[in-house]
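S.K.:
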Amino acid sequence: MNKIRDLYQKLLRAYGPQGWWPLLNHKGSNPTKTGSVTGYHSGDYSFPKSQTQQFEICIGAILTQNTAWTNVEKALLNLQKANALDPKKLLGINEDELKEAIKPSGYFNQKARKLREFTEFFLSLQGKTPTRNQLLEVWGVGPETADSILLYAYKVPTFVVDAYTKRIFTHLKLCTEKSAYEEMKQVVEKNIKKDWKIYQEFHALLVEHAKRCYSKKPYEDTLMHQA
DNA sequence: AACCAGGACGTGA
DNA sequence: TCACGTCATGGT
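Numbering-wise (our numbering), the first sequence opens with residue 24 and increments by one.
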């Protein structure tokens with residue numbers, strides 16, 4: 024019995040496919056998930072369907088750094104309204120307009136710079152898939168953001184570790200309190216086959232589970248039968 | 001009315 | 001390396 028695979032199976036049975044990454048404009052969005060307004064597409068792995076959606080995922084990954092997705096969604100809608108949810112058009116609007124649009128997602132001074140620098144990088148790729156190291160060289164892109172972009176925008180089977188994952192894994196003693204990012208990442212990648220659909224679902228399921236059971240201490244993880 | 005949210009960077013030791 | 005301060009809005 025593998026604890027990691029067991030965890031994934033239990034979460035999937037309990038919550039079902041999560042339909043990440045949320046996108047603004049598509050049919051069949053599922054507004055019922057915790058904390059979401061719209062944007063999910065449970066069971067449909069055909070996204071991103073365009074380079075525009077691919078770019079939207081990357082931008083969202085940066086905007087959601089230490090920020091609730093509901094606030095990111097406001098920022099994305101503002102960018103769309105400003106006709107700037109496209110790499111060349113985003114670089115076309117001026118600094119103040121960009122900051123004003125992304126204001127709801129917080130840290131707007133830093134994030135405006137992050138978006139510009141990432142967008143320059145995105146265009147330089149000319150449609151090609153970036154390497155993880157290339158992404159990490161971009162100012163404002165750290166380990167989690169790089170992995171989120173690779174996994175959800177480019178369908179590269181790399182596991183995303185976030186604060187929720189760390190919280191759950193620590194509580195279930197699958198890692199220690201001060202395990203490094205790469206260490207926790209390996210916990211999953213060594214135990215589950217490198218399948219981008221599974222990695223997408225697993226990460227999204229951990230977020231959903233954490234929102235339900237790990238919001239306030241002491242944690243009561245009834246699903247995993249732990250105190 | 002503090003506290004936190006799908007982090008990353010700069011600094012000093 | 002690593003711990004700590006900083007960045008900022010919106011919901012609870």
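Note that the Cβ used here is the ideal one computed from N, Cα and C, for glycine as well. This structure is a prediction, so every number in the text was calculated from the model and none was measured.
1) How many angstroms separate the CA atom of residue 207 from the CA atom of residue 46?
2) Return the chain-ordered list of same chain residues with a C-beta closer than 8 Å to the C-beta of residue 65, the five sequence neighbours on each side being excluded.
3) If you run the structure through DSSP and keep just helix, strand and coil, what is residue 141?
4) Which same chain residues, not among the five before or five after residue 218, have their C-beta less than 8 Å away from its C-beta?
5) What do you get for residue 101, buried or exposed, if any count of 16 or more other CB atoms within 10 angstroms of its CB means buried?
6) Helix, strand or coil: which one does DSSP assign to residue 61?
7) Which residue comes first and which comes last in the alpha helix (DSSP H) that contains residue 176?
8) In terms of residues, what are the limits of the alpha helix (DSSP H) holding residue 110?
9) I'd like the list of long-range same chain contacts for residue 106, defined as Cβ closer than 8 Å, with 5 residues on each side in sequence excluded.
10) Do three or more CB pairs link the region 154-169 to the region 135-144 at distances below 8 Å?
11) Using DSSP with H/G/I as helix, E/B as strand and the rest coil, what is residue 37?
12) Label residue 150 either buried or exposed according to how many other C-beta atoms from any shown protein chain fall within 10 Å of its C-beta, with 16 as the threshold for buried.
13) Is residue 94 helix, strand or coil when you go by DSSP?
14) How many angstroms separate the CA atom of residue 195 from the CA atom of residue 37?
15) Measuring CA to CA, which of 177, 132, 186, 215 is closest to residue 153?
16) Would you mind sorting residue 241 into buried or exposed? The rule is 16 or more other CB atoms within 10 Å of its CB.
17) Using the rule of at least 16 other Cβ atoms within 10 Å of the residue's Cβ for burial, across every protein chain shown, is residue 148 buried or exposed?
18) On the three-state DSSP scale, how would you describe residue 247?
19) Just to confirm the assignment, what range does the alpha helix (DSSP H) spanning residue 229 have?
20) Does DSSP classify residue 5 as helix, strand or coil?
21) By a C-beta neighbour count over all protein chains shown, 10 Å radius and 16 as the cutoff for buried, is residue 142 buried or exposed?
22) Take the Cβ of residue 34 as the centre, count every other Cβ of all protein chains shown within 10 Å, and call the residue buried at 16 or more, exposed below.
23) Leaving aside the five residues before and after residue 200 along the sequence, list all residues of the same chain whose C-beta is less than 6 Å from its C-beta, in chain order.
M.R.: Quick look at the numbers:
1) Here residue 207 is taken as the residue at index 184 of the first sequence, counted from 1. Here residue 46 is taken as the residue at index 23 of the first sequence, counted from 1. The C-alpha of residue 207 lies about 27 Å from the C-alpha of residue 46.
2) Here residue 65 refers to the residue found at position 42 of the first sequence. These residues qualify, in order along the chain: 39, 40, 41, 42, 53.
3) Within the first sequence, the letter at position 118 stands for residue 141. In the structure shown, residue 141 sits in a helix (DSSP, three-state: H, G or I).
4) As a first step, residue 218 is located in the first sequence; it is residue number 195 there, counting from the start. Beyond the five residues adjoining it in sequence on each side, residue 218 comes within less than 8 Å, by CB distance, of 180 in the same chain, given in chain order.
5) One-based indexing of the first sequence puts residue 101 at position 78. Flag for residue 101 reads buried.
6) In the first sequence, counting from the first residue as 1, residue 61 sits at position 38. In this structure, residue 61 counts as coil in the three-state DSSP scheme.
7) If you number the first sequence from 1, residue 176 lands on position 153. Here residue 176 belongs to no alpha helix (DSSP H), and DSSP marks it neither H nor E.
8) In the first sequence, the residue the question calls residue 110 occupies position 87. Taken as a continuous stretch (DSSP letters only), the alpha helix (DSSP H) holding residue 110 covers 110-115.
9) Against the first sequence, residue 106 aligns to sequence position 83. 112.
10) By the C-beta criterion, the region 154-169 is judged to be in contact with the region 135-144, since at least 3 inter-stretch pairs fall below 8 Å.
11) Mapped onto the first sequence, residue 37 falls at position 14. Here residue 37 sits in helix by DSSP.
12) Reading the first sequence from its first residue, position 127 is the one you call residue 150. So residue 150 counts as exposed.
13) Along the first sequence, one-based indexing puts residue 94 at 71. In this structure, DSSP gives residue 94 a helical state, which the three-state scheme calls helix.
14) Within the first sequence, numbered from 1, the residue matching residue 195 stands at position 172. Within the first sequence, numbered from 1, the residue matching residue 37 stands at position 14. The straight-line gap from Cα to Cα measures roughly 17 Å.
15) Stepping through the first sequence from its first residue, residue 153 is reached at position 130. Looking only at 177, 132, 186, 215, the smallest Cα-Cα distance to residue 153 is reached by 177.
16) Within the first sequence, numbered from 1, the residue matching residue 241 stands at position 218. Result: exposed.
17) For the purposes of this step, residue 148 is identified with residue 125 of the first sequence, where counting begins at 1. Burial call: exposed.
18) Residue mapping note: residue 247 aligns to position 224 of the first sequence, counting from 1. Here residue 247 sits in coil by DSSP.
19) Within the first sequence, the letter at position 206 stands for residue 229. In the DSSP annotation of this structure, the continuous segment of the alpha helix (DSSP H) that includes residue 229 starts and ends at 219-236.
20) Here the chain comprises residues numbered 24 to 250, so residue 5 is not present and cannot be evaluated.
21) Within the first sequence, residue 142 is the residue found at index 119, counting from 1. Around the C-beta of residue 142, 16 or more other C-beta atoms lie within 10 Å, and the residue is accordingly described as buried.
22) In the first sequence, residue 34 corresponds to position 11, counting from 1. A residue is called buried when at least 16 other Cβ atoms come within 10 angstroms of its Cβ; residue 34 meets this threshold and is buried.
23) Sequence index remark: in the first sequence, residue 200 carries index 177 (1-based). Answer for residue 200: 193, listed in chain order.
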